[in-house]
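A quick write-up on the structure given underneath.
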Amino acid sequence: MLAVVALPMLPLAVALLVFVFPELRRWAAVAGTAGIAAALAAAGGEVATEGARRYAIGGWPAPPGIALLADPLSVLLLGLTTVVSGAATFYALGYWAGHRDPDGRPDPRERAFWPLWWMLWAGLNALFLAGDAFNAYVALEVLSLAAVALVAVAGDAGALRAALRYLLVSLAGSLAYLAGVALLYAEHGLLDLASLAEAVEPGPEAVGALAVITAGLLMKTALFPLHFWLPGAHSRAPGPVSAVLSGLVVKAGFFLLLRYWFWVYGGWEVATGTALIGSLGAVAVLWGSVQALAALRLKLLVAYSTVAQLGYLFLAFALISEPGVAGNLGQEGALYLALSHGLAKGGAFLMAGTCLWAAGNDRLEGIGDTLRQLPVSTAAFALAGISLIGLPPTGGFVGKWLLLRAMAESEAWVWLAVIAAGTFLATGYIFRVLVPVFQAGTEPPPLERTPPRIMEVSALLLAVAAVGMGFLAPVFEPLMLGLQGPSP
95 MLAVVALPML
105 PLAVALLVFV
115 FPELRRWAAV
125 AGTAGIAAAL
135 AAAGGEVATE
145 GARRYAIGGW
155 PAPPGIALLA
165 DPLSVLLLGL
175 TTVVSGAATF
185 YALGYWAGHR
195 DPDGRPDPRE
205 RAFWPLWWML
215 WAGLNALFLA
225 GDAFNAYVAL
235 EVLSLAAVAL
245 VAVAGDAGAL
255 RAALRYLLVS
265 LAGSLAYLAG
275 VALLYAEHGL
285 LDLASLAEAV
295 EPGPEAVGAL
305 AVITAGLLMK
315 TALFPLHFWL
325 PGAHSRAPGP
335 VSAVLSGLVV
345 KAGFFLLLRY
355 WFWVYGGWEV
365 ATGTALIGSL
375 GAVAVLWGSV
385 QALAALRLKL
395 LVAYSTVAQL
405 GYLFLAFALI
415 SEPGVAGNLG
425 QEGALYLALS
435 HGLAKGGAFL
445 MAGTCLWAAG
455 NDRLEGIGDT
465 LRQLPVSTAA
475 FALAGISLIG
485 LPPTGGFVGK
495 WLLLRAMAES
505 EAWVWLAVIA
515 AGTFLATGYI
525 FRVLVPVFQA
535 GTEPPPLERT
545 PPRIMEVSAL
555 LLAVAAVGMG
565 FLAPVFEPLM
575 LGLQGPSP
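Now the structure itself:
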């Protein structure tokens, strides 16, 4: 169990270390990432051999039940967090190295960045291990406040406005979530999610609690029409922050929604609610894709693509609630898309950050001139893009194929049409970036600065991993049925 406890505590310790000793940031990046990866490997091995693992915190067993929980679902998302955050951490070392003044002194913003960065990682790990509603709330707050501050680290007026909007929406979402938890606690005197799964019974109090919890988490996940804060925050944040916000942070609300809808309330008839959420997901796929096609900046295009890609995860909600084969396929498809999207979108945002870093702007007008001088970044965006489109043999293809099979099983032909339209639109906005690279033109103006190799390689590794997910489907399949939690 020490490995499970170490996953949130280690990045928290590194955050304190780099706050007190900022000159150790490089050593901390290497040692912290390696330590978290080792702890995850140990925790994953325990889950694989012994099943779900619980750790009661502070001597509070159920009731009320304050505990960490490691099960297949949490291990999958912790693995995604480790890969994306690790790549973005090394990317950030190169990113901030380029912001030094002529005398070699670091940018003052870097000193604020690293403690917040590790706090964000600690919040993600704590949330994916939360076995109770209280820990989930605390982790949500740590995660949200660190994310907002990291958006503001960029320092320009646009970033500060985006951070303020993000903060207000995040606080509203947290209050709604906390109100729902309070309703459940007042009714049952429980916080442990496994115990609540046995205690919650149909009734107005339970329905009201689920409604406000869902509303709060949808704000944090930015599902249409609550997505209005996401494009600004994700496009204005520093490059490594954008990658983690899009690839990981928005998954936090999705993770908790899975826990509540299909575990705590799993024995209920939820088809009406999941159909509504699925409908919002369908609109998000189309709306986000259209906005990405109309975007004038690369990072804004990738941000609106996140709105669209999140729509697929919630479109799957309408399929997971189906009985039998369709529900299992919907569940596997949703989780596979969540993993492959995190990798692909992390790679795409790192690549977009490299373009902005090197050229001084990320306007799509003239993007071909920039990308012709950054062949590794261009390859990274191309590989990430084909996964986002859903072309074989990528992880995005496997996820969409599972959803299509679930739709065929349940004869949900309208959802199938949405996936087809979303795929067509995604092809449009991905090729909108790539086609200018191959168009003949005059000699491109030189880049303002040449990015460190670690920045381009980090983006490429995440993009390759998104493609590799397609080949690893047989390995991941036994872990995909991870929504059912352990007994209390």
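Take 95 as the starting number for the sequence shown in the numbering used here and just add one per residue. Ideal placement from N, C-alpha and C gives every residue a C-beta, glycine not left out.
Exercise for review: Determine the closest residue to Ser329 out of Met313, Pro319, Tyr260, Thr368, with distance taken between C-alpha atoms.
Suggested key: Taking the sequence shown and counting its residues from 1, the one referred to as residue 329 is at position 235. The shortest Cα separation from Ser329 among Met313, Pro319, Tyr260, Thr368 belongs to Tyr260.
Exercise for review: Taking all protein chains shown into account, decide if Gly283 is buried (16 or more other Cβ within 10 angstroms of its Cβ) or exposed.
Suggested key: In the sequence shown, counting from the first residue as 1, residue 283 sits at position 189. The residue in question, Gly283, is exposed, as its Cβ has fewer than 16 Cβ neighbours within 10 Å.
Point to revise | beta strand (DSSP E) segment containing Tyr149, residue limits | key: Reading the sequence shown from its first residue, position 55 is the one you call residue 149. First-last of the beta strand (DSSP E) with Tyr149: 147-150.
Check your understanding: For Asn219, which residues from the same chain have a beta carbon less than 6 angstroms from its beta carbon, with the 5 sequence-adjacent residues on both sides left out?
Key -> For the purposes of this step, residue 219 is identified with residue 125 of the sequence shown, where counting begins at 1. Cβ within range, chain order: Leu101, Pro102.
Review point. Whose C-beta lies closer than 8 angstroms to the C-beta of Pro486 among residues of the same chain, with five residues either side of it excluded?
Key: To locate residue 486, count along the sequence shown from 1; it is residue 392. Answer for Pro486: Gly564, listed in chain order.
Review point. Are the stretch 130-147 and the stretch 165-178 touching by the rule of at least three beta carbon pairs closer than 8 angstroms?
Key: Yes, they touch.
Exercise for review: Note the first and the last residue of the continuous beta strand (DSSP E) segment covering Leu162.
Suggested key: Along the sequence shown, one-based indexing puts residue 162 at 68. Its beta strand (DSSP E) spans residues 161-164.
Exercise for review: Kindly indicate which residue of Thr315, Ala164, Glu295, Ser552 has the alpha-carbon position closest to the one of Met445.
Suggested key: Indexing the sequence shown from 1 puts residue 445 at position 351. If we check each option's Cα against that of Met445, Ser552 comes out closest.
Review point. Is the stretch 502-518 touching the stretch 432-441, taking contact as three or more C-beta pairs under 8 angstroms?
Key: no
Practice item. Please classify Leu96: is it buried, with 16 or more other beta-carbons within 10 angstroms of its beta-carbon, or exposed? Key: Sequence index remark: in the sequence shown, residue 96 carries index 2 (1-based). It counts as exposed.
Practice item. Determine, using beta carbons only, whether Val384 and Leu519 come nearer to each other than 8 angstroms. Key: The residue given as residue 384 occupies position 290 in the sequence shown. The residue given as residue 519 occupies position 425 in the sequence shown. Yes, they are a contact pair.
Practice item. Mind the definition here: the stretch 245-261 touches the stretch 290-300 only if three or more C-beta pairs lie below 8 angstroms; say whether that holds. Key: no
Check your understanding: Roughly how many whole angstroms lie between the Cα atoms of Phe491 and Ala230?
Key -> For the purposes of this step, residue 491 is taken as the residue at position 397 of the sequence shown. For the purposes of this step, residue 230 is taken as the residue at position 136 of the sequence shown. Going by the C-alpha atoms only, they are around 32 angstroms apart.
Review point. Quick one, are the C-beta atoms of Thr175 and Leu342 less than 8 angstroms apart?
Key: The residue labelled residue 175 in the question sits at position 81 within the sequence shown. The residue labelled residue 342 in the question sits at position 248 within the sequence shown. Contact flag set, yes.
Review point. Helix, strand or coil: which one does DSSP assign to Arg457?
Key: Position 363 of the sequence shown, counting from 1, holds the residue named residue 457. In this structure, Arg457 counts as strand in the three-state DSSP scheme.
Review point. Secondary structure at Arg391, three-state DSSP: helix, strand or coil?
Key: Sequence index remark: in the sequence shown, residue 391 carries index 297 (1-based). Strand, per DSSP.
Point to revise | Three-state class that DSSP yields for Asn422 in the structure shown | key: For the purposes of this step, residue 422 is identified with residue 328 of the sequence shown, where counting begins at 1. Judged by DSSP in its simplified three-state form, Asn422 adopts helix.
**Study point:** Coil, strand or helix - Asp463 by DSSP
**Key:** Within the sequence shown, the letter at position 369 stands for residue 463. Looking at Asp463 - three-state DSSP - the assignment turns out to be helix.
Check your understanding: Could you give the distance in angstroms between the alpha-carbon of Val377 and the alpha-carbon of Ala412?
Key -> Counting from 1 along the sequence shown, the entry for residue 377 is found at position 283. Counting from 1 along the sequence shown, the entry for residue 412 is found at position 318. About 13 angstroms.
Exercise for review: Determine the extent of the alpha helix (DSSP H) in which Gly525 is found, giving its start and end residues.
Suggested key: On the sequence shown, residue 525 is found 431 positions in, with the first residue counted as 1. The question names Gly, but residue 525 is Phe in the sequence shown. Note, Phe525: alpha helix (DSSP H), 507-528.
Review point. Does DSSP put Ala224 in a helix, a strand or coil?
Key: Sequence index remark: in the sequence shown, residue 224 carries index 130 (1-based). Strand.
Exercise for review: State the beta-bridge partners of Asp286 as determined by DSSP.
Suggested key: By 1-based counting over the sequence shown, the position of residue 286 is 192. According to DSSP, Asp286 bridges with Asp226.
Point to revise | Contact between the stretch 292-309 and the stretch 263-281 (3+ Cβ pairs under 8 angstroms) | key: When Cβ pairs closer than 8 angstroms are counted between the two stretches, the stretch 292-309 is seen to touch the stretch 263-281, the count reaching three or more.
Review point. Looking at the unbroken alpha helix (DSSP H) that takes in Trp121, where does it start and where does it end?
Key: As a first step, residue 121 is located in the sequence shown; it is residue number 27 there, counting from the start. Unbroken alpha helix (DSSP H) run through Trp121: 119-144.
Exercise for review: Let me know if Tyr456 comes out buried or exposed under the rule of 16 or more other beta-carbons within 10 Å of its beta-carbon.
Suggested key: Locating residue 456 in the sequence shown gives position 362, where the first residue counts as 1. The question names Tyr, but residue 456 is Asp in the sequence shown. Label assigned to Asp456: buried.
Exercise for review: Counting only the same chain and skipping the five closest in sequence on each side, list residues whose C-beta sits under 7 angstroms from that of Leu577.
Suggested key: Position 483 of the sequence shown, counted from the start, is the residue given in the question as residue 577. Summary for Leu577: the model assigns pLDDT 48, below 50, so the residue's position carries little reliability; its value from the coordinates is reported in the next sentence. Leu167, Leu352, Phe356, Trp357, Gln425, listed in sequence order.
Point to revise | Option in Ala224, Gly427, Gly126 with minimal Cα separation from Lys494 | key: Position 400 of the sequence shown holds residue 494. Selected option, being the one with the closest Cα: Gly427.
Practice item. Go to Arg543, then tell me how far its alpha helix (DSSP H) extends in each direction, as first and last residue. Key: Taking the first residue of the sequence shown as 1, we reach residue 543 at position 449. Premise fails: Arg543 is in no alpha helix (DSSP H) and is neither H nor E.
**Study point:** Exposed unless 16 or more other CB atoms sit within 10 angstroms - verdict on Val108
**Key:** Indexing the sequence shown from 1 puts residue 108 at position 14. Buried, by the Cβ-count rule.
Practice item. Please report how far the alpha carbon of Trp451 lies from the alpha carbon of Glu505, in whole angstroms. Key: As a working mapping, residue 451 is identified with position 357 in the sequence shown. As a working mapping, residue 505 is identified with position 411 in the sequence shown. Taking the straight line from one Cα to the other gives about 47 angstroms.
**Study point:** Inter-stretch contact (C-beta, 8 angstroms, three-pair minimum) for the stretch 462-482 and the stretch 542-552
**Key:** yes
Practice item. Could you tell me the distance, in whole angstroms, from the CA atom of Met213 to the CA atom of Asn422? Key: In the sequence shown, counting from the first residue as 1, residue 213 sits at position 119. In the sequence shown, counting from the first residue as 1, residue 422 sits at position 328. One C-alpha to the other measures close to 35 angstroms.
Practice item. Look at the alpha carbon of Ala346 and the alpha carbon of Val529, and state the distance between them as a whole number of angstroms. Key: Taking the first residue of the sequence shown as 1, we reach residue 346 at position 252. Taking the first residue of the sequence shown as 1, we reach residue 529 at position 435. Approximately 34 angstroms between the Cα atoms of the pair.
Check your understanding: What residue does the alpha helix (DSSP H) around Ser340 start on, and which one ends it?
Key -> Numbered from its first residue, the sequence shown carries residue 340 at position 246. From DSSP, Ser340 is part of no alpha helix (DSSP H); its letter is neither H nor E.
Review point. How is the alpha helix (DSSP H) around Met563 delimited, first residue to last?
Key: The residue labelled residue 563 in the question sits at position 469 within the sequence shown. First-last for Met563: undefined, no H or E at that position.
**Study point:** Cβ pair Ala227, Val263 closer than 8 angstroms
**Key:** Within the sequence shown, residue 227 is the residue found at index 133, counting from 1. Within the sequence shown, residue 263 is the residue found at index 169, counting from 1. Not in contact: Ala227 and Val263 (Cβ atoms no closer than 8 angstroms).
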